[in-house]
Amino acid sequence: MAAASWSASGWALLLLVALWQQRAAGSGVFQLQLQEFVNERGVLASGRPCEPGCRTFFRVCLKHFQAIVSPGPCTFGSVSTPVLGTNSFAVRDDSSGGGRNPLQLPFNFTWPGTFSLIIEAWHAPGDDLRPEALPPDALISKIAIQGSLAVGQNWLLDEQTSTLTRLRYSYRVICSDNYYGDNCSRLCKKRNDHFGHYVCQPDGNLSCLPGWTGEYCQQPICLSGCHEQNGYCSKPAECLCRPGWQGRLCNECIPHNGCRHGTCSTPWQCTCDEGWGGLFCDQDLNYCTHHSPCKNGATCSNSGQRSYTCTCRPGYTGVDCELELSECDSNPCRNGGSCKDQEDGYHCLCPPGYYGLHCEHSTLSCADSPCFNGGSCRERNQGASYACECPPNFTGSNCEKKVDRCTSNPCANGGQCLNRGPSRMCRCRPGFTGTYCERHVSDCARNPCAHGGTCHDLENGLMCTCPAGFSGRRCEVRTSIDACASSPCFNRATCYTDLSTDTFVCNCPYGFVGSRCEFPVGLPPSFPWVAVSLGVGLAVLLVLLGMVAVAVRQLRLRRPDDGSREAMNNLSDFQKDNLIPAAQLKNTNQKKELEVDCGLDKSNCGKQQNHTLDYNLAPGPLGRGTMPGKFPHSDKSLGEKAPLRLHSEKPECRISAICSPRDSMYQSVCLISEERNECVIATEV
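What the sequence shown shows, in mature numbering (1 follows the signal peptide of the UniProt record, and there is no 0), is residues -26 to -1, 1 to 659, in sequence order.
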C-alpha cells in the first residue's frame, strides 16, 4: 500500500515537472536579412587583394548578451551562407546558390530579450566554405553588436561600416508556430474537439469558438433563455430538459399523470384550477361557471359537486328560471289602475285623481294645503293639479326642501359653508381668511416660536426649527445638552452636565486638579506657593506653642500654695526637744541640690548634692527649721544657724530654709531620697 502511494506521488510529481517544463520552454526564430555588402577595392581584412576577386560568403554567430563580445561558442546558434557574390553585391530576399535569405537561427528556449551578434564575411578561394578550414587571412570583415530585442514582426534595420567594407542588414525575433507571448514561452495550439474549442490570440490567450465558453472552451452555450437549473446542453444552441420539466426552454413543469384540470409549480404536482377538485382535479366544484345553467339573468349558486341553485328574477320561475310569469296576474295596480306587462316588469296606468307606482296616491288640490313652509298654492287645469309658489330659501313641488346655498361649494381651501337664511358664509380653516377663505394668512406673523426658534409657514400650519437646547412644537421645552459628548475631562475624570448652564463639570480623580483635571498635583507650579504656605504655617504654629508653654510656666510659678498637697506628717504633737525619726516621714521627689548658705561665716557652710531626696509634703507656706548634726552625705555640721537651699535639676526650682538652734520651735527634718517631679520641702510646724 505504501509503495502504491509512493508511486502515485511520484507520477504526480513527474507530471508537474513535465507541465512546468512545457510552460517554461519556448520556441522562436532569430531572423537576419542580408541586404547589401560593399567591398569596392576587393581586398581582405589584411589589405591584400583577392585574386581574381573576393568570393564572399557569411558566417553568423548568435550568443547570449555580453558587454564586450568575445570569441567563444555560439550559445544561441550559428549559420553560414553559400557564396553570395564577389566584392560588392546586393543580396536577394530569396535563395541564392542554395542559400536562404533571411537567415534563420531557431531557438528552443525562452527568449531573454538581449543578445550578442557576430557577422563574419569570408573569401572562399575554393569549394570548402568552412571558416575553420580557411586560413585566417581569408577574413574580409567582422562585425559584433549586442543589444536588446523584443519579439515582434517588425524588422530592425542596421548598417555597419569599416575602413574597407560596408554591410547593410536587418533582423528580428519571431515566435515559432503555436508559441506566443513576449518571450515566446506560451504554447497554444488551436483545437476543436472534446478537450476544447478555441483558437489562439496573438498574446497566447485562448479565444473560444462561437457557442463555447469556460477556461478551456469546453462548456457549450445553451439556447438563449434555457433554464439554468432545469435545462442543459451538450452542444451550442441546445436546450435539453431534466426529468420533470418540459417546453422549449425547460421552464414548464410536468404535472402528475392523469391531472385533468390542474397545474404544477414543481414536477409531478396537480394543483386544481378554480372550481375543480379531487386527486386528479377532475371533480367539477363550480358548475355555475363551467356550464351557466340559469336562464333569464338568474343568479347561480354552487351547492356541491355538479350541483347548483338558480335564484330567478321577478317574473321567472323553474329550476333554471326558464319559465316566464306574468306579473300582472297578481293585480298589483290599486284604485282601478290597469296593469301592463313589460319585459322587465310591469306598469300601472292610473285613473284620474291617482298616481304612484301602484296608483296608491290620490291627487291633491289646493284645498288640501299641499304647500309647506308658507308656500302659496295655485290651481291648474281647472283644479286637476296645482303649483306651489315657494318663499325664499325653500324649493320643491310642495316647498318642502330648504334651499341649500352651499351646493356649489363656494368656500375655498377646505372652508366650511354655512347656510344663514337668505345668505351663506364660510368658516375658514386656520391660516386662511376672506369671504370665501381665498386668502392665506401667514402663521408665522405672530412669531409663535419661542426661544429664538425659526418659523416655517406651511400650507396646513407652521413648523418651528428649535435652537440647540430646546424642543417641542413651539420650542417651549428646554432640553439638556450633553456637554460631555466631546469627552472634555482628562485623566479618567467623571464628567457631569450642568443643566442650568448646559456646561460640563469635571470630577477629578485623586492626584489631579484643573477645570478639566489636566494638571497632576505632584508637578510644581510656576511658584511653590504650597510649600511656602506650609512652611509659614508650621513656623506660626511653633511660635504659638512656645508662647503657650511660657504662659503655662508663669502661671505655675505664680500660683500660691492652695493647701491641696497631701501631708504624711504625724509629728505635729512631738515636743521640740525630741528628735524626729526619719522613718516616720516620707515623700518622693526627683534628684535635688541642697545648698547651705551661712551668710558671712563660710567655715561651716556646705553645698550638698543629693541624688534623690525623699521628703515630706507640708501644707501651708514654707517655714524655717534646724537641722542638727550632719546632713546626709555631708561632713559639715549644721548646728550653726544657716539657711538651707534645696535645688532641683530644673533651674526655676529653688527652696530655702534657715538653720536655727536646737531649741527653736522647729524640729529637725530628715529627707529620704526618691524620684519625684515636684520641687517642695516639708517641715514640722
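For every residue, glycine included, the Cβ atom is placed at its ideal position computed from N, Cα and C.
CA-to-CA distance, residue j to residue i, given in whole angstroms
{"i": "residue 19", "j": "residue 123", "result": "30 Å"}
{"i": "residue 528", "j": "residue 519", "result": "14 Å"}
{"i": "residue 438", "j": "residue 447", "result": "7 Å"}
{"i": "residue 127", "j": "residue 7", "result": "13 Å"}
{"i": "residue 106", "j": "residue 34", "result": "14 Å"}
{"i": "residue 70", "j": "residue 30", "result": "The pLDDT assigned to residue 70 is 47, lower than 50, so where the model puts this residue is not dependable, and the model offers no usable value."}
{"i": "residue 78", "j": "residue 206", "result": "51 Å"}
{"i": "residue 679", "j": "residue 352", "result": "In this structure the chain extends from -26 to 659, so residue 679 is not present and cannot be described."}
{"i": "residue 67", "j": "residue 189", "result": "42 Å"}
{"i": "residue 88", "j": "residue 62", "result": "31 Å"}
{"i": "residue 393", "j": "residue 401", "result": "11 Å"}
{"i": "residue 417", "j": "residue 404", "result": "8 Å"}
{"i": "residue 482", "j": "residue 436", "result": "47 Å"}
{"i": "residue 349", "j": "residue 289", "result": "44 Å"}
{"i": "residue 242", "j": "residue 275", "result": "33 Å"}
{"i": "residue 324", "j": "residue 305", "result": "13 Å"}
{"i": "residue 340", "j": "residue 372", "result": "11 Å"}
{"i": "residue 268", "j": "residue 412", "result": "59 Å"}
{"i": "residue 117", "j": "residue 168", "result": "53 Å"}
{"i": "residue 620", "j": "residue 530", "result": "Low local confidence applies: a pLDDT of 40 at residue 620 is under 50, so the model's placement there is unreliable, and no value is given."}
{"i": "residue 65", "j": "residue 75", "result": "8 Å"}
Residue i and residue j closer than 8 Å at C-beta
{"i": "residue 157", "j": "residue 219", "result": "no"}
{"i": "residue 137", "j": "residue 95", "result": "no"}
{"i": "residue 295", "j": "residue 284", "result": "yes"}
{"i": "residue 233", "j": "residue 224", "result": "no"}
{"i": "residue 36", "j": "residue 48", "result": "yes"}
{"i": "residue 120", "j": "residue 40", "result": "yes"}
{"i": "residue 249", "j": "residue 211", "result": "no"}
{"i": "residue 489", "j": "residue 480", "result": "yes"}
{"i": "residue 244", "j": "residue 230", "result": "yes"}
{"i": "residue 307", "j": "residue 332", "result": "yes"}
{"i": "residue 476", "j": "residue 443", "result": "yes"}
{"i": "residue 478", "j": "residue 458", "result": "yes"}
Member of the options whose CA lies at the smallest distance from the CA of residue i
{"i": "residue 345", "options": "335, 145, 63, 359", "result": "359"}
{"i": "residue 397", "options": "378, 387, 405", "result": "378"}
{"i": "residue 99", "options": "118, 57, 79, 240", "result": "57"}
{"i": "residue 176", "options": "154, 185, 197", "result": "154"}
{"i": "residue 226", "options": "248, 208, 202", "result": "202"}
{"i": "residue 466", "options": "505, 485, 88", "result": "485"}
{"i": "residue 38", "options": "44, 32, 50, 28", "result": "50"}
{"i": "residue 146", "options": "411, 115, 91", "result": "91"}
{"i": "residue 12", "options": "261, 114, 75, 46", "result": "114"}
{"i": "residue 149", "options": "426, 28, 83", "result": "83"}
{"i": "residue 45", "options": "509, 93, 240", "result": "93"}
{"i": "residue 102", "options": "266, 131, 54", "result": "54"}
Beta-carbon contacts of residue i that lie in its chain and below 8 Å, excluding the five residues immediately before and after
{"i": "residue 421", "result": "429"}
{"i": "residue 277", "result": "283"}
{"i": "residue 312", "result": "322, 323"}
{"i": "residue 455", "result": "442, 443, 471, 476"}
Contacting residues, own chain, Cβ-Cβ under 7 Å from residue i (five flanking each side not counted)
{"i": "residue 191", "result": "170, 171, 172, 180, 182, 183"}
{"i": "residue 432", "result": "none"}
{"i": "residue 300", "result": "315"}
{"i": "residue 354", "result": "360, 361"}
{"i": "residue 375", "result": "368, 369"}
{"i": "residue 445", "result": "451, 453"}
DSSP bridge partner residues for residue i (one or two, in chain order)
{"i": "residue 494", "result": "486"}
{"i": "residue 526", "result": "Residue 526 pairs with nothing; no bridge assigned."}
{"i": "residue 242", "result": "The partner list for residue 242 (beta bridge, DSSP) is empty, contrary to what the question assumes."}
{"i": "residue 80", "result": "3"}
{"i": "residue 401", "result": "390"}
{"i": "residue 477", "result": "472"}
{"i": "residue 521", "result": "None, per the DSSP bridge assignment."}
{"i": "residue 662", "result": "This structure gives no information on residue 662, because the portion of the chain shown stretches from -26 to 659."}
{"i": "residue 421", "result": "Per DSSP, none; premise fails for residue 421."}
Neighbourhood of residue i by C-beta, 6 Å cutoff - its chain only, sequence neighbours within 5 removed
{"i": "residue 424", "result": "448, 449, 450"}
{"i": "residue -18", "result": "For residue -18, the pLDDT reaches just 47, beneath the cut-off of 50, and the residue's location in the model is therefore unreliable, although a value from the coordinates is still provided. Correct list: empty, nothing qualifies."}
{"i": "residue 178", "result": "154, 155, 160, 162"}
{"i": "residue 142", "result": "9, 10, 133"}
{"i": "residue 263", "result": "249"}
{"i": "residue 297", "result": "291"}
{"i": "residue 637", "result": "Since pLDDT at residue 637 reaches only 43, below the 50 mark, its modelled position is unreliable, and the value read off the structure follows with that caveat. Once the five neighbours on either side are set aside, residue 637 has no close Cβ partner at all."}
{"i": "residue 129", "result": "144, 146"}
{"i": "residue 80", "result": "3"}
{"i": "residue 195", "result": "185, 187, 210"}
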